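**Student:** Please see the structure below; I have some questions.
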Amino acid sequence: MRNPPRKEAPAIGLVIPCYNEEDVLPVLLERLDALVRDWASPVWILFVDDGSHDRTPELLDAACERHSHMACLRLSRNFGHQIAVSAGLKHSRGDVVAVLDADLQDPPEFIPAMLAKWREGYDVVYAVRENRKENPILRAAYALFYRILKRIANVKIPLDAGDFSLMDRRVVDHINAMPEHNRFIRGLRGWVGFRQVGVPYSREARQAGAPKYNLRRLLNLAMNGVISFSSIPLQVASWMGALSSLLGFVVLVWVLVNGLVSGRTPPGWASLAVIVLVFGGIQLIVLGIIGEYISRIFDEVKSRPHYIVERSAGWADATAEECRHP
Ligand code: UDP
Ligand code: MG
5 MRNPPRKEAP AIGLVIPCYN EEDVLPVLLE RLDALVRDWA SPVWILFVDD GSHDRTPELL
65 DAACERHSHM ACLRLSRNFG HQIAVSAGLK HSRGDVVAVL DADLQDPPEF IPAMLAKWRE
125 GYDVVYAVRE NRKENPILRA AYALFYRILK RIANVKIPLD AGDFSLMDRR VVDHINAMPE
185 HNRFIRGLRG WVGFRQVGVP YSREARQAGA PKYNLRRLLN LAMNGVISFS SIPLQVASWM
245 GALSSLLGFV VLVWVLVNGL VSGRTPPGWA SLAVIVLVFG GIQLIVLGII GEYISRIFDE
305 VKSRPHYIVE RSAGWADATA EECRHP
């Protein structure tokens, strides 16, 4: 069975989460204007203002007033990048939808190249970071994280790919239908399946303003990725338990044999204290891991809405209404 042929000029939706991006927005708007000016396709740009407390909302309102293809959703507080993207996807329009950061680290000029891949029949085209113009320690940490995640995740999550991607409408609809609260978009995107392909790009440095992800948020994102897509950390407890039992058994045999042969029992409260401390530590770590899973199960069980839309501007008005009072 063959998929229906791709449209020559599909409607293109852009989803752009913004949190305190007043410094970069003027440049972004300029670059977007220059980019879409000669596109044959209809364009629907949706900004999600993730509870900014600088001039972001005013700048976005003004942009939406000037351009009928722009719209903005304002969330009632800061819900975080992944939720802002989820809100944007939910309200997006277009036969294809691209997700990009506001800080121009994901160059919008790369979208036509992704669109070309979509025309070839791919449903998800994700941008793979060839080089990052960021701090080397952070770069190494990212590289390590993606490699660990690839080994332990139960879905295919591509290496060095973030949320910058272009998706077919049917993929977006499937992601929107997923009810989970701890949303790791690049994982959900991989989970959906269909035909996916990566295209390399060079990740620029942030154009202006400060990064909004601090270490705690990055760690939390990494934890969400691991916990939502792998149960291996839970199994580590069983392996460590098996290993330490085996070790204990070997030591027991040695003590018995040694006692029988030489008639002496080995002295040493120090070794005992070390064993108690090490294994006490391991047990607490394992409890902590279980706790991380339980807290996420708790989030899911509470089933609160993912976000609340405070207001909207531009074409997003109609679709935002249903989410305003969840
Ligand atoms: N962002 C957001 N909500 C947040 C944090 C970030 O919507 O709570 C947006 C931010 O405005 C930017 C994108 O998410 O458009 C990526 O954020 P940032 O550049 O700080 O992350 P990094 O590039 O360091 O991963
Ligand atoms: Mg950035």
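Residue numbers for the sequence shown, in our numbering: 5 to 330. Ideal Cβ placement from N, Cα and C applies to all residues, glycine included. Since we're looking at a predicted model, the values are computed, not measured.
Does the beta-carbon of Glu12 have 16 or more other beta-carbons within 10 angstroms, so that it is buried, or is it exposed?
**Tutor:** So Glu12 ends up on the exposed side.
**Student:** Within 10 Å of its beta-carbon, does Leu29 have 16 or more other beta-carbons around it, so buried, or fewer, so exposed?
**Tutor:** Classification for Leu29: buried.
**Student:** Between the C-alpha atoms of Ala241 and Val290, what's the straight-line distance to the nearest angstrom?
**Tutor:** Going from the Cα of Ala241 to the Cα of Val290 covers about 6 Å.
**Student:** Shorter than 7 Å, the distance from the beta carbon of Arg210 to the closest heavy atom of the ligand MG, or not?
**Tutor:** Yes, the ligand MG has a heavy atom inside 7 Å of this Cβ.
**Student:** CA-CA distance, Ser232 and Phe188?
**Tutor:** The straight-line gap from Cα to Cα measures roughly 8 Å.
**Student:** Within its chain, find whatever has a CB closer than 7 Å to the CB of Asp99; leave out the 5 residues flanking it on each side and keep chain order.
**Tutor:** The residues are Lys11, Pro14, Ala15, Arg173.
**Student:** Let me know the secondary structure DSSP gives Trp243 once reduced to three states.
**Tutor:** It is helical.
**Student:** Count the other CB atoms, across all protein chains shown, that sit within 10 Å of the CB of Pro330; report buried if there are 16 or more and exposed otherwise.
**Tutor:** For Pro330, the predicted structure reports a pLDDT of 41, less than 50, and the residue's modelled location is therefore unreliable. A value from the coordinates is still provided. Under this definition Pro330 is an exposed residue.
**Student:** Tell me the rounded alpha-carbon separation between Ala145 and Met182.
**Tutor:** If I take the Cα positions, the gap works out to 29 Å.
**Student:** Between Leu63 and Glu124, which are expected to be in contact by the criterion C-beta below 8 Å, what is the C-beta distance as a whole number of angstroms?
**Tutor:** Rounded, the Cβ-Cβ distance is 37 Å, inconsistent with contact.
**Student:** Measuring from the CB of Pro215, is there a heavy atom of the ligand MG at a distance below 7 Å?
**Tutor:** Pro215: yes, Cβ under 7 Å from the ligand MG.
**Student:** Do you know whose CA, among Gly267, Ser266, Ser275, lies nearest Val255's CA?
**Tutor:** Cα-wise, what sits closest to Val255 is Ser275.
**Student:** For the beta strand (DSSP E) containing Asp167, name the first residue and the last one.
**Tutor:** From DSSP, the beta strand (DSSP E) with Asp167 extends over 165 to 172.
**Student:** So, helix, strand or coil for Arg315, using DSSP?
**Tutor:** If DSSP states are grouped into helix, strand and coil, Arg315 belongs with the strands.
**Student:** Hey, quick one: how far does the alpha helix (DSSP H) through Met182 stretch, first residue to last?
**Tutor:** First-last for Met182: undefined, no H or E at that position.
**Student:** For Ile87, is the classification buried or exposed, using 16 other Cβ atoms within 10 angstroms of its Cβ as the cut-off for buried?
**Tutor:** Result: buried.
**Student:** Which one of Val203, Val128, Tyr217, Ile286 has the shortest CA to CA distance from Trp195?
**Tutor:** Closest option to Trp195, Cα to Cα, is Val128.
**Student:** If you drop the 5 nearest sequence neighbours on each side, which residues of the same chain put their C-beta closer than 8 Å to that of His178?
**Tutor:** Result list for His178: Val196, in chain order.
**Student:** Given this structure, state the Cα-to-Cα distance separating Ile293 from Ala226, to the nearest angstrom.
**Tutor:** So the alpha carbons of these two residues sit roughly 14 Å apart.
**Student:** Spatial neighbours of Cys22 within its chain, please: CB distance less than 6 Å, with the 5 preceding and 5 following residues excluded, ordered by chain position.
**Tutor:** Cβ within range, chain order: Phe51, Asp53, Thr60, Ala106.
**Student:** Quick check: Tyr311 and Leu142, are their CB atoms within less than 8 Å of each other?
**Tutor:** Not closer than 8 Å, so no.
**Student:** Contact criterion: CB-CB distance below 8 Å. Does Ile236 meet it with respect to chain C?
**Tutor:** Note that chain C does not occur in the displayed structure, where there is just one protein chain.
**Student:** Any heavy atom of the ligand UDP inside 7 Å of the beta-carbon of Pro21?
**Tutor:** Yes, since a heavy atom of the ligand UDP falls inside the 7 Å radius drawn around the Cβ of Pro21.
**Student:** Just to check, is the beta-carbon of Gly84 closer than 7 Å to a non-hydrogen atom of the ligand UDP?
**Tutor:** Yes.
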